[in-house]
Amino acid sequence: MSSEWPLWEVFIRGQHGLNHRHVGSLHAPDAEMAINNARDVYVRRNEGVSIWVVRSIDIVASAPSEKGPLFEPSNAKVYRHPTFFDIPDEVGHM
1 MSSEWPLWEV FIRGQHGLNH RHVGSLHAPD AEMAINNARD VYVRRNEGVS
51 IWVVRSIDIV ASAPSEKGPL FEPSNAKVYR HPTFFDIPDE VGHM
């Protein structure tokens, strides 16, 4: 068994942002320690409002070479395009 702590990917939501942004990686024994370490390393000047940590081995991604077969079916579903919807001004961040 490896004595190295698992690798965690760190995502921070900024003060004025609506989404989390990947800012780096770190090693920690558990999620709580990963959040505490991420706060100390990546949010030193109170620039974040939320931290997400995800174990690297739990992230699954598609390959860029699969772009065509993966995304082409959505092009045939024109009803999903935003041109079919009127968004009221009151909605804001859409």
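Counting in UniProt numbering, the sequence shown runs from 1 upward without gaps. From the three backbone atoms N, C-alpha and C, an ideal C-beta is built for every residue, glycine too.
Own chain, CB closer than 8 Å to residue i, minus 5 neighbours either side, in chain order
{"i": "Ile59", "result": "Glu9"}
{"i": "Arg21", "result": "Phe11, Ile12, Arg13, Gly14"}
Identity of the residue in the options nearest residue i by Cα
{"i": "Ile12", "options": "Ala28, His27, Ile35, Pro29", "result": "Ile35"}
{"i": "Arg44", "options": "Val91, Val23, Glu66", "result": "Val23"}
Own chain, CB closer than 7 Å to residue i, minus 5 neighbours either side, in chain order
{"i": "Val54", "result": "Trp8, Glu9"}
{"i": "Ser62", "result": "Leu70"}
{"i": "Ala31", "result": "Val53"}
Residues bridged to residue i (per DSSP)
{"i": "Glu9", "result": "Ser25, Val54"}
{"i": "His20", "result": "Arg13"}
{"i": "Gly48", "result": "Gly14"}
Neighbourhood of residue i by C-beta, 6 Å cutoff - its chain only, sequence neighbours within 5 removed
{"i": "Ala28", "result": "Trp5, Trp8, Ala34, Asn37"}
{"i": "Ser50", "result": "Arg13"}
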